[in-house]
Amino acid sequence: MFNTPLMLQPAKADTIARAFAPRVLGLPEADAGQMGLIGEQLRDDADMWGEKTYCGVHRPMEGIGLIEIEGSLVNKGRWIGKSCGMTSYEGIGIQADDCREDDSIKGAVIEVDSFGGEVTGAFDCAEKIFELSQVKPTIAVLTDHACSAGYLLAAAARQIVLPSTGLCGSIGVVSVHVDVSGWLKKEGLSVTILKAGEYKADLNPYEAIPADVLTRELAELEELRVEFAETVARYRAGRLSKDQALATEAGVYRGAKAVSAGLADAVARPSQVLAAFGTELGRSA
Numbered sequence: 001m002f003n004t005p006l007m008l009q010p011a012k013a014d015t016i017a018r019a020f021a022p023r024v025l026g027l028p029e030a031d032a033g034q035m036g037l038i039g040e041q042l043r044d045d046a047d048m049w050g051e052k053t054y055c056g057v058h059r060p061m062e063g064i065g066l067i068e069i070e071g072s073l074v075n076k077g078r079w080i081g082k083s084c085g086m087t088s089y090e091g092i093g094i095q096a097d098d099c100r101e102d103d104s105i106k107g108a109v110i111e112v113d114s115f116g117g118e119v120t121g122a123f124d125c126a127e128k129i130f131e132l133s134q135v136k137p138t139i140a141v142l143t144d145h146a147c148s149a150g151y152l153l154a155a156a157a158r159q160i161v162l163p164s165t166g167l168c169g170s171i172g173v174v175s176v177h178v179d180v181s182g183w184l185k186k187e188g189l190s191v192t193i194l195k196a197g198e199y200k201a202d203l204n205p206y207e208a209i210p211a212d213v214l215t216r217e218l219a220e221l222e223e224l225r226v227e228f229a230e231t232v233a234r235y236r237a238g239r240l241s242k243d244q245a246l247a248t249e250a251g252v253y254r255g256a257k258a259v260s261a262g263l264a265d266a267v268a269r270p271s272q273v274l275a276a277f278g279t280e281l282g283r284s285a
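Numbering (our numbering), first residue to last: 1 to 285.
Rendered as structure tokens:
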């Protein structure tokens, strides 16, 4: 969460930061229990009873695969679907691969309701969705948000549809640094940092960020923002340019305004989209 680039809508970043505050400040914290093993291969993963965690792509209609992108986005792990409040890029990528390789799946609906998450793994995951979109029809249906990394993944579909109250965009990068030096001083504590290598202790929480480190970190965030804009412009060629993406300054757009800005293609109720998509696939079969 801290001292690392995140493609995350700022309000969501604030919520997560508040959740981590007890740990940062050394206060009591709630234990949510183990929810997954980071880095474990999803196809081989099993629950405590030995049952497979992943049993293939969900199919809401014959010939249609459904990829759910829900909650906070993390790089690795067993996080798939709505039950745990987050989704892993690893899991999304595996589902995209399965949709592409399974001849019985004629098209894919990508359901997105996410304010974003980690930068690490996001671009590779988006490329897997984009590769699927090159060979089969795909449509991203927002229920109701696709912000930051969530928007990056949605943009990789051939089309984006959102409800009138849905939000998308936030083409930017954020990072959070906690400076606890004032609190330590108040508690009568002093921290001495011993390091080998000029940059080894950059962004440590025991001192304010030096000006040169701040300049370097802001430059890195801007590089990532430009890459983000270039990528969604490539995915949405002819509808959203790199300059237009950058000009949003990481703003979010609601409903018809998102369509006018080139971030989405249509406004419709999510329940309508699946039926229309199935009908269209049937015509092209």
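Just so it is clear, CB atoms sit at the ideal spot from N, CA and C, and this is done for glycine as well.
All of these numbers come straight from a predicted model, not from anything done at the bench.
Secondary structure, alpha helix (DSSP H): runs of 4+ residues fully inside the stretch 83-156: Listed in chain order, they are 89-101, 122-135, 149-155.
Measure the C-alpha to C-alpha separation of G278 and I64 and round it to an integer number of angstroms. G278 and I64: Cα-Cα distance of roughly 7 Å.
As assigned by DSSP and simplified to three states, the class of R216: In this structure, R216 counts as helix in the three-state DSSP scheme.
Per-residue DSSP class, three states only, for M35: Confidence in M35 is poor, its pLDDT being 36 and thus under 50, which makes the residue's placement unreliable; the coordinate value appears in the next sentence. Collapsing the DSSP output to three states places M35 in coil.
Reduced DSSP secondary structure (H/G/I, E/B, other) of A196: Coil, per DSSP.
Would you report the Cα separation of Y235 and P137, rounded to the nearest angstrom? Whole-angstrom Cα-Cα distance: 14 Å.
How would you write the range of the alpha helix (DSSP H) that S164 sits in, first residue to last? Here S164 belongs to no alpha helix (DSSP H), and DSSP marks it neither H nor E.
Report buried or exposed for G117, applying the criterion of at least 16 other Cβ atoms within 10 angstroms of its Cβ. Classification for G117: buried.
Could you pull the DSSP bridge partners for V191 from this structure? Residue pairing from DSSP leaves V191 without any beta-bridge partner.
Whole-Å CB distance - S104 paired with E70, under 8 Å assumed: Contact flag wrong, Cβ pair sits at about 25 Å.
Counting only the same chain and skipping the five closest in sequence on each side, list residues whose C-beta sits under 7 Å from that of L240. So the qualifying residues of the chain are V232, A233, G262, L263.
Look up V273 in the DSSP assignment and say whether it is helix, strand or coil. Note: V273 maps to helix in three-state DSSP.
Using DSSP with H/G/I as helix, E/B as strand and the rest coil, what is R254? R254: strand per DSSP, three-state reduction.
Suppose you measure from the CA of Q159 to the CA of A211; what does that come to, to the nearest Å? Within the model, the alpha-carbon separation for Q159 versus A211 is close to 43 Å.
Per DSSP, which residues does H58 bridge with? Please list them. Looking at the DSSP output, H58 sits in a beta bridge with L66.
Apart from the five residues on each side of it in sequence, which residues of its chain come closer than 7 Å, Cβ to Cβ, to V191? Contacts found: L184, Y206.
Taking 8 Å as the cut-off, decide whether the C-beta atoms of A362 and I171 are in contact. Any answer about residue 362 is impossible in this case: the structure gives the chain only from 1 up to 285.
Supposed close pair G109, A268 - CB separation, criterion 8 Å: With the sequence shown as reference, residue 109 is identified as Val, and Gly is not the correct amino acid for it. Actually they are not in contact, since the Cβ atoms of V109 and A268 sit about 13 Å apart, beyond 8 Å.
Would you list the residues sitting across from S260 in a DSSP beta bridge? Looking at the DSSP assignment, S260 forms no beta bridge with any residue, so it has no partner.
Under the three-state DSSP convention, the category L221 falls into: Here DSSP, grouped into helix, strand and coil, assigns L221 to helix.
With a CB to CB cut of under 6 Å and the five nearest residues on each side skipped, what residues in its chain are close to E249? For E249, there are no CB contacts under 6 Å within the same chain when 5 residues up- and downstream are skipped.
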